[in-house]
Ligand SMILES: Nc1ncnc2c1ncn2[C@@H]1O[C@H](COP(=O)(O)OP(=O)(O)OP(=O)(O)O)[C@@H](O)[C@H]1O
Ligand SMILES: [Mg+2]
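This is how it looks when you write it as structure tokens:
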């Protein structure tokens, strides 16, 4: 198909606007993180600081136990990821491939949990964890997210697309169900799993609400909470330090995106198991 | 190696009508048995029941001297080749072939040797580390075959394994499978809806219709001695001509046997002549409606007092002729009752006119 020149121009202009909308806050964040405090206040705002103040990052990092926060963040995000895979894969396999009593009812129940906002259940979960003595611990940050209804739903769809013949062939090859799941289904669902894993990681890496309500001390705090505390510097907000903190927060995600880009694009353009 | 028996097996999916009803089937040890029948007649279901992929509603399945109703598919000593090959897409060719062995807990070194041996047999050695997606249809078929063979099963089952291949490759694979069967001497059960495939490959043919066995016999037996009208129709191209007896009786004489209501004959047994001959048999004057020349043979559709039927002739095609005479020898006739079952007769069941005709020739 050939597109006419005006249409092409329109296309490019549209794309530039889209990129600008998405990239602007990001660029603004980086720019601010390199300014002096005074420079953050000037009007009209400057895109490129007169002088790049790399020390902002050092100040941000040193203004609290950021190494601790960072380790906590990694432990929580990775922990959630592992738990979710452990629970979501077998559940999705069962819903996709087994016939059992109350299957539809149970699946509806799983689906319903997706529609309940987290703010609604946070209180009972909070009380629950408090009973178990898990407040202000990493477990308290991991366990409430140990499974994911959305993950079960997505993966079940993928598993359902695997041709029945493959499972039959495996059964004739004397394979156990566990092996069918791990050796045949999971490899075929790799793009879905990568997508789920990425979303999951980003969501929980950036999560602010839950760690904020669950933690009271540094030992269990994660990066987003730690960085938000940078605001509480006496005498107004040090925007440059705060933004440096934010850059520190997003760097790991940027690195992951950089390396997983190929997979991410494939995961999104992926149209099904052949 | 093992003989397989189904004893009054029935199968219904859910609460639907039975797909297979009270089937008794015996498959001889070491035979190449072909299940054939129209689409939806229950061929795949029968296979899957033998393999254990489908549970029976009632009845018993015996493999060798084992009752296997409750034996898992992987423990029945069966290998299956699927229509769409069903290769594991994320595993290499090697992985595909090895998977079953792994599950049989065969040590790694031995597995490697077995895989390499079998790859040699099916000529896949250089593809061992490729993924199935990167292979051609014929190569995938070979992987599927290798995967089945490497387990050294007692029984091989095939569900239309060649239907996805082009005609040439199909012919080639057909020969290879026949040779494979000769070499292994293992029981082969093979499903197809192509009667040519059935006739050329099987040493035993089971013809199914609507979940019932219509006949089980050797290919030539099925052709020369069909048990009923269905088999007569299904086997042979073109299929047998079957005419109601009333249409044939007129000139040839009344039929004495009460049971007979249809008369059949194969197109290739009808003799077509320009002149009326005095040979004994059913003599019909016919008009050619259409003609198909197939090289060595010619196929005619003709119209007669007895109705339309087909004639296959190995003579040079009769191009300019319309009016012909067709003679069907008495000993080439098949008789069927109202239900379509074969009626076997001791002697020619026509009244005197036939004898008279014969008398005339003698005088
Ligand atoms: N899972 C199922 N659920 C319900 N009905 C089924 C199922 N599988 C097969 N059937 C029905 O059972 C009958 C026999 O099916 P089967 O697959 O054995 O036919 P087939 O002889 O192999 O036909 P084909 O030559 O088309 O493969 C068909 O009428 C089909 O609709
Ligand atoms: Mg079938």
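Chains as they are written, first to last, in the working numbering: chain S, 3 to 276; chain C, 21 to 383.
Yeah, the Cβ is synthetic: ideal placement off N, Cα and C, and Gly gets one too.
Quantities reported herein were computed from a predicted structural model and do not represent experimental measurements.
Please state the DSSP three-state secondary structure of residue 36/C. Locating residue 36/C in the second chain gives position 16, where the first residue counts as 1. Of the three classes helix, strand and coil, the one that applies to residue 36/C here is coil, per DSSP.
Assuming residue 323/C is part of the beta strand (DSSP E), what are its boundary residues? Your numbering for residue 323/C matches position 303 in the second chain. Here the beta strand (DSSP E) through residue 323/C covers 318-324.
Consult DSSP for residue 347/C and reduce its assignment to one of helix, strand or coil. Position 327 of the second chain, counting from 1, holds the residue named residue 347/C. Note: residue 347/C maps to strand in three-state DSSP.
Quick one: is residue 119/C near chain S, going by C-beta distance under 7 Å? Counting from one through the second chain, the residue named residue 119/C turns up at place 99. Yes, residue 119/C lies at the interface with chain S (some Cβ there is under 7 Å from its Cβ).
Rounded separation between residue 56/C and residue 139/C - CA only: Counting from 1 along the second chain, the entry for residue 56/C is found at position 36. Counting from 1 along the second chain, the entry for residue 139/C is found at position 119. For residue 56/C and residue 139/C, the distance between alpha carbons rounds to 31 Å.
Pairwise C-alpha distance: residue 240/C and residue 380/C: Counted from its first residue, the second chain places residue 380/C at position 360. Counted from its first residue, the second chain places residue 240/C at position 220. Model confidence at residue 380/C stands at a pLDDT of 44, short of 50, so the residue's coordinates are unreliable; what they give is reported in the following sentence. For residue 380/C and residue 240/C, the distance between alpha carbons rounds to 36 Å.
What residues in the region 86-107 of chain C have a beta carbon less than 9 Å from any beta carbon of chain S? 92, 93, 94, 95, 96, 98, 99, 100, 102, 103, 104, 105, 106 and 107
Touching by the beta-carbon criterion (3+ pairs, under 8 Å), the region 210-226 of chain C and the region 59-68 of chain C: yes
Is the region 130-138 of chain C touching the region 83-100 of chain C, taking contact as three or more C-beta pairs under 8 Å? no
Using 6 Å as the cut-off, classify the Cβ of residue 300/C as near or not near the heavy atoms of ligand 2, replying yes or no. Within the second chain, numbered from 1, the residue matching residue 300/C stands at position 280. Because no heavy atom of ligand 2 lies under 6 Å away, the Cβ of residue 300/C does not count as near it: no.
Is the closest heavy atom of ligand 2 to the C-beta of residue 64/C under 6 Å? Walking along the second chain from the start, residue 64/C turns up at place 44. Checking every heavy atom of ligand 2 against the Cβ of residue 64/C, one is found closer than 6 Å.
Measure the Cβ-Cβ separation of residue 231/C and residue 40/C and say whether it is below 7 Å. The count along the second chain starts at 1 and reaches residue 231/C at position 211. The count along the second chain starts at 1 and reaches residue 40/C at position 20. Cβ atoms of residue 231/C and residue 40/C: closer than 7 Å.
Flag residue 212/C as yes if its beta-carbon sits less than 7 Å from any beta-carbon of chain S, otherwise no. Counted from its first residue, the second chain places residue 212/C at position 192. So no, residue 212/C is outside the interface.
Taking residue 238/C as the reference, which of 296/C, 119/C and 222/C has the closest Cα? In the second chain, counting from the first residue as 1, residue 238/C sits at position 218. Measuring from the Cα of residue 238/C, the nearest candidate turns out to be 222/C.
Decide if residue 318/C is buried, meaning its Cβ has at least 16 other Cβ atoms within 10 Å, or exposed. Here the question's residue 318/C lines up with position 298 in the second chain. The residue in question, residue 318/C, is buried, as its Cβ has 16 or more Cβ neighbours within 10 Å.
Enumerate in chain order the residues of its own chain whose CB-to-CB distance from residue 222/S is below 8 Å, with the five nearest sequence positions on each side excluded. Within the first chain, residue 222/S is the residue found at index 220, counting from 1. These residues qualify, in order along the chain: 74, 138, 139, 140, 142, 143, 213 and 216.
Please confirm whether any heavy atom of ligand 1 lies closer than 6 Å to the CB of residue 33/C. As a position in the second chain, residue 33/C is number 13, starting the count at 1. Result yes, Cβ under 6 Å from ligand 1.
Cβ-Cβ separation, residue 261/C to residue 329/C (assumed contact under 8 Å), whole Å: Indexing the second chain from 1 puts residue 329/C at position 309. Indexing the second chain from 1 puts residue 261/C at position 241. Yes, residue 329/C and residue 261/C are in contact; Cβ-Cβ is about 4 Å, under 8 Å.
Does residue 123/C come within less than 7 Å of chain S when only Cβ atoms are used? Numbered from its first residue, the second chain carries residue 123/C at position 103. Answer yes: the Cβ-Cβ gap between residue 123/C and chain S drops below 7 Å somewhere.
Would you mind sorting residue 297/C into buried or exposed? The rule is 16 or more other CB atoms within 10 Å of its CB. Here the question's residue 297/C lines up with position 277 in the second chain. When all chains shown are included, residue 297/C counts as exposed.
Which same chain residues end up closer than 8 Å to residue 162/C when comparing Cβ atoms and leaving out the 5 residues on each side of it in sequence? In the second chain, the residue the question calls residue 162/C occupies position 142. If we look at residue 162/C and ignore the five residues flanking it on each side, its Cβ neighbours are 142, 143 and 144.
Residue 266/S in three-state terms, based on DSSP: The sequence position of residue 266/S within the first chain is 264, counting from 1. Residue state, collapsed to three classes: helix.
For a test of your reading of the model: does the CB of residue 60/C fall under 6 Å from any non-hydrogen atom of ligand 1? Yes or no. On the second chain, residue 60/C is found 40 positions in, with the first residue counted as 1. At least one heavy atom of ligand 1 is nearer than 6 Å to the Cβ of residue 60/C, so yes.
Cα-Cα, which of 101/C, 104/C, 102/C and 128/C is closest to residue 114/C? Against the second chain, residue 114/C aligns to sequence position 94. Considering only alpha carbons, the answer is 128/C.
Are there any heavy atoms of ligand 1 lying less than 6 Å away from the beta-carbon of residue 39/C, as far as the coordinates show? The residue given as residue 39/C occupies position 19 in the second chain. Checking the Cβ of residue 39/C against ligand 1 gives yes.
What does a CB cutoff of less than 7 Å around residue 331/C pick up in its chain, not counting 5 residues either side in sequence? Locating residue 331/C in the second chain gives position 311, where the first residue counts as 1. Excluding residues within five positions, the ones whose Cβ falls inside 7 Å are 287, 290, 292, 320, 322 and 346.
At a CB-CB cut-off below 9 Å, which residues of chain S make contact with residue 341/C? For the purposes of this step, residue 341/C is taken as the residue at position 321 of the second chain. By Cβ distance, chain S contributes nothing, its closest Cβ being about 54 Å from residue 341/C, past 9 Å.
My guess is that residue 168/S and residue 108/C are in contact by the Cβ rule of under 8 Å, so how many angstroms apart are they, rounded? Within the first chain, the letter at position 166 stands for residue 168/S. Within the second chain, the letter at position 88 stands for residue 108/C. With 8 Å as the limit, residue 168/S and residue 108/C qualify as a contact, their Cβ atoms being about 6 Å apart.
Along chain C, which residues have their Cβ under 7 Å away from the Cβ of residue 119/S? As a working note, residue 119/S is residue 117 in the first chain. Chain C residues near residue 119/S: none, gap ~38 Å exceeds 7 Å.
With C-beta atoms as the reference, is residue 164/S less than 7 Å away from residue 190/S? Position 162 of the first chain, counting from 1, holds the residue named residue 164/S. Position 188 of the first chain, counting from 1, holds the residue named residue 190/S. Yes, the pair counts as a contact, with Cβ atoms nearer than the cut-off.
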